[in-house]
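Beneath this line is the structure, given in structure tokens, with notes to follow.
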Ligand SMILES: [Ca+2]
Ligand SMILES: [Ca+2]
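See the structure below:
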């Protein structure tokens with residue numbers, strides 16, 4: 005009897021020891037200009053592509069919000085922005101009493117799987133989750149940031165000259181970039197002896213602006229207009245007036261100005277150069293994982309928090325509900341994941357949390373709103389019932405199914421695109437009665453709960469009513485001129 009008990013105990017111990025580690029890699033403002041996603045024909049990301057080959061690559065994955073804080077909060081908490089009311093760069097969700105004790109992904113892994121969690125660089129937005137009192141992670145590594153930057157901005161703009169609105173070729177050493185230091189920290193972490201299973205989260209800041217790179221990274225891309233995305237002039241002529249409320253002023257002025265100032269190509273090239281630099285940092289981390297001998301027992305998940313326009317629909321930047329603003333890389337690799345697969349079913353960043361719980365063999369967290377992607381990780385052709393939903397400020401939702409992009413704004417106006425025939429979302433079909441059924445099939449997925457912005461919210465538009473918005477303190481209706489134009 006004693007021997008049986010002992011061997012049972014030993015078996016339990018060995019089962020415990022088999023719990024996979026998790027290496028989570030996040031990129032900031034990285035759109036689909038990634039080799040395996042095909043969003044830009046020239047994008048060079050060999051290390052990310054190799055990871056995609058080794059695992060299951062999602063080519064129709066979307067963020068829950070096209071902005072850092074709400075997107076990252078949603079992923080880490082497993083809750084939609086429309087549920088929490090977190091739509092803007094503030095507040096930090098833990099300041100809301102109803103979410104003070106909600107278990108985030110690392111907290112759940114710790115509580116139910118004895119995981120030790122570490123974070124380096126940008127996982128949550130800003131300092132969120134990095135204070136000791138936050139109790140999010142067991143170990144806090146280096147913060148995120150730009151690192152070395154030119155003494156003077158490289159680009160001066162006529163609209164406020166914000167320090168973040170900058171890019172270009174700037175001679176420096178890669179090792180002086182903060183993202184290089186974050187990767188070095190992760191490489192060291194992977195060399196550590198681990199007594200518990202680990203959750204190592206590594207967040208890179210680039211290609212978020214200001215995106216500076218050295219000659220070596222610029223040389224990967226030609227200095228000609230082939231680096232520019234294909235755009236349709238006056239593309240927004242057929243989008244509802246309400247869509248303009250979300251993208252006013254700065255973005256619009258920026259593209260016009262970019263062309264006038266001959267900066268469009270420089271921005272596109274700087275962004276691509278930084279994407280390849282980040283790919284190389286990811287390569288360093290993945291090499292360290294391989295060399296640690298733990299690759300076979302470590303799940304790797306890679307994502308970006310949202311997309312970024314570089315001229316499409318006259319916009320440079322984020323904060324949109326089109327694919328340029330919502331489509332992101334999402335890759336899983338490692339134990340429990342079939343390799344060499346590409347999945348075109350819609351997937352959400354919200355799915356990362358429940359998927360990891362299932363891959364780690366932990367009990368499901370019933371509070372989560374995402375769906376485990378494990379059926380697709382076993383067989384990419386497994387159908388998924390749910391589309392991907394992105395929300396930008398209360399009441400504005402984008403719904404992405406396998407073949408369609410549907411958007412409904414807070415005033416009820418709509419857009420619909422046939423992504424098979426029109427992957428650039430140029431022709432809005434919403435007013436064509438032929439598509440009534442298609443629209444109906446998407447409408448049923450609109451979140452039922454449209455929370456108003458949480459107390460302490462910080463966003464360009466806080467109040468969205470049926471016939472007007474409050475934009476920077478002013479009431480603006482459909483007949484009013486668009487501010488700043
Ligand atoms: Ca971001
Ligand atoms: Ca159009």
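In the numbering used here, the protein residues as written are 5 to 489.
Beta carbons are placed, not taken as given, at the ideal position from N, Cα and C, and that holds for glycine.
Keep in mind that this is a model prediction, so the values were computed, not measured.
In this structure, residue 425 has its beta carbon at no less than 8 angstroms from each heavy atom of ligand 2. For residue 393, there is no enclosing alpha helix (DSSP H); the residue is part of the beta strand (DSSP E) that begins and ends at 392 to 395. Taken in chain order, the complete beta strand (DSSP E) segments of 3 residues or longer contained in the segment 232 to 311 are 302 to 308.
The Cβ atoms of residue 356 and residue 28 sit closer than 9 angstroms to each other. For residue 404, DSSP records a beta bridge to 392, 409. Between residue 73 and residue 94, the C-beta spacing is below 9 angstroms. The C-beta separation of residue 205 from residue 87 comes to about 23 angstroms, leaving the pair out of contact by the 8 angstroms criterion. The continuous stretches of beta strand (DSSP E) do not include residue 117, which lies in the alpha helix (DSSP H) extending over residues 109 to 117. Not one heavy atom of ligand 2 is found less than 8 angstroms from the C-beta of residue 406. Secondary-structure assignment with DSSP links residue 419 through a beta bridge to 411.
For residue 440, the enclosing alpha helix (DSSP H) stretches over residues 440 to 447.
Unbroken alpha helix (DSSP H) stretches of 4 residues or longer found wholly inside the segment 136 to 186: none. Here residue 225 is not near residue 174, since their CB atoms are 9 angstroms or more apart. Buried is the label assigned to residue 353, since at least 16 other Cβ atoms lie within 10 Å of its Cβ. For residue 327, the CB stays at least 8 angstroms from every heavy atom of ligand 2. Assignment of residue 479 by DSSP, reduced to helix, strand and coil, places it in the strand class. Rounded to whole angstroms, the separation of the alpha carbons of residue 308 and residue 146 is 19 angstroms. Counting other Cβ atoms within 10 Å of its Cβ, residue 283 reaches 16 or more and is therefore classed as buried. Counting every other CB atom within 10 Å of its CB across the protein chains shown gives residue 92 a total of 16 or more, marking it as buried.
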